[in-house]
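Have a look at the structure below before the remarks.
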Amino acid sequence: MSKLTGVHHLALTVTDVDRSVPWYERVLELKETGRREDPETGLRKVLLQAPGDAFSMVLLQHPETERGPFDERRTGLDHVAFTVPSFGELKQWEQRLAAYGVTYSPAKASRTLPGSAVVVFRDPDGIQLEVWADLDS
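The opening residue of the sequence shown carries number 883 in the numbering used here; numbering runs sequentially from there.
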């Protein structure tokens, strides 16, 4: 059997793609590369691409998306973590998030993966996002 070689894309359900797409473009520097709206089902999908084709993300808006707050304690998605090559670049992410008015927790050593540091923040729907770096980088 062949082995998995990576993640093709990450799909997140959002309450409003028109609000979320500009946020992801601005804050994470993703670029919209495709959009599909199905009038029959009401489903709206937007494909976003990371610089250098590092990964793809799909934001989906279902016609009857529950408007309750995101809660990582429910079964399903807990959080999404992105990596940067160095601790210095992690600190640059703090500056970037602050510049865009995004609330975040400052870089701190990870209790999950010793030797790493993490910055934690949330998207407009409250989905937890993280940026990680190795401390020895």
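The C-beta atom is built at its ideal place from N, Cα and C for all residues, glycine as well.
For L972, the three-state secondary structure derived from DSSP is helix. A direct Cα-to-Cα measurement between G924 and R918 gives close to 10 Å. In the three-state reduction of the DSSP assignment, D935 falls in the helix class. Pairing V940 with L892, the inter-Cα distance amounts to about 6 Å. Taking C-beta separations shorter than 7 Å and ignoring five residues to either side along the sequence, the partners of V889 in its chain run F937, following chain order.
In chain order, E911 place their CB closer than 7 Å to the CB of P933, counting only its own chain and leaving out the 5 sequence neighbours on each side. Check the Cα spacing between R926 and each of P904, V896 and E954: the tightest is with V896.
Around the CB of L1011, 16 or more other CB atoms lie within 10 Å, so the residue is classed as buried. Excluding five sequence positions before and after V962, the CB atoms of its chain that fall closer than 8 Å to its own CB belong to L892, L894, I1009, Q1010, L1011 and E1012, given in chain order. Annotation: A981 to T887 spans about 35 Å, alpha carbon to alpha carbon.
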